[in-house]
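Note sheet for the following structure.
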């Protein structure tokens, strides 16, 4: 592992009010699929070449969560979401950055600013490239969602040996009635089943955070115990 930089950052919590958070960052050059998988299995997330996880001293509300793909069954509600969107086409490819990507990214985050109070600043192309295109190293992909010729969703994922790590999804709010967030996750699960993958790594579940608590509704799932180091065994229960 070619570790370029390692640091810790203290800031206000991104998920819970009136709390602080400490995040451990590793910037890794040419991280391969095996190394990425080892980090994801121990609770890290990836944005570009940067791997990170919360290590807050007095709080463990951020639970790394993964869906048990083999035992997941699509409910009637899930099937209705997929049926309603059957005209929407999806394509998987290496991550890219176009004017349409950046316009859609801004449109989505302006919508979330108004809907949920997210902080917003217009996307910088270099920041987008660093976060979502750079560092994919052959295992990172984007799933593009189209209604005819209109780009309406972008799902960033890592396809690893044992599963899929779901990185980030953004969509056109004009298509909110199609539940594109749910649709993208259901398609990830469907894709994982076809590829005989065991898990969907969903990042962090926080019970009292509305933006993250929904993850517990995708059952069965497991959560990671503790914060194992890279040379330590890990346990999901």
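Residue numbers (UniProt numbering): 1 to 237. C-beta atoms are modelled at their ideal positions from N, C-alpha and C, and glycine is treated no differently.
Secondary structure at residue 92, three-state DSSP: helix, strand or coil?
Locating residue 92 in the chain shown gives position 92, counting from the first residue. If DSSP states are grouped into helix, strand and coil, residue 92 belongs with the strands.
Out of curiosity, what's the CA-to-CA distance linking residue 233 and residue 185?
On the chain shown, position 233 is the one that residue 233 refers to. On the chain shown, position 185 is the one that residue 185 refers to. Looking at the two C-alpha atoms, the distance is approximately 28 Å.
Just reading off the alpha helix (DSSP H) that residue 81 is part of, what are its end residues?
Sequence index remark: in the chain shown, residue 81 carries index 81 (1-based). Looking at the DSSP string, the run of the alpha helix (DSSP H) that includes residue 81 is 76–84.
Would you kindly report the start and end of the unbroken beta strand (DSSP E) that includes residue 40?
Mapped onto the chain shown, residue 40 falls at position 40. Not the beta strand (DSSP E): residue 40 falls in the alpha helix (DSSP H), residues 33–40.
Please return the same chain residues whose Cβ sits closer than 7 Å to the Cβ of residue 198, not counting the five positions on each side in sequence.
In the chain shown, counting from the first residue as 1, residue 198 sits at position 198. Correct list, in chain order: 69, 70, 162, 163.
Assuming residue 22 and residue 30 form a contact by the criterion Cβ under 8 Å, report the distance between their Cβ atoms to the nearest whole angstrom.
By 1-based counting over the chain shown, the position of residue 22 is 22. By 1-based counting over the chain shown, the position of residue 30 is 30. About 27 Å separates the two Cβ atoms, so there is no contact after all.
Buried or exposed: where does residue 72 fall if 16 or more other Cβ atoms within 10 Å of its Cβ makes it buried?
One-based indexing of the chain shown puts residue 72 at position 72. Buried, by the Cβ-count rule.
Taking the Cβ atom as the reference point for each residue, do residue 145 and residue 138 lie within a distance shorter than 8 Å?
The residue given as residue 145 occupies position 145 in the chain shown. The residue given as residue 138 occupies position 138 in the chain shown. Between residue 145 and residue 138, the gap from beta carbon to beta carbon reaches 8 Å or more.
Check the C-beta distance from residue 142 over to residue 96 and give it rounded, since I have them as a contact under 8 Å.
Position 142 of the chain shown, counted from the first residue, corresponds to residue 142. Position 96 of the chain shown, counted from the first residue, corresponds to residue 96. Between residue 142 and residue 96, the beta carbon gap of about 7 Å places them in contact (Cβ cut-off 8 Å).
Cβ-based neighbour list, residue 236, same chain, cut-off 6 Å, excluding 5 preceding and 5 following:
The residue given as residue 236 occupies position 236 in the chain shown. Within the same chain, Cβ atoms closer than 6 Å to the Cβ of residue 236 are found at 222, 224, the five residues on either side in sequence being excluded.
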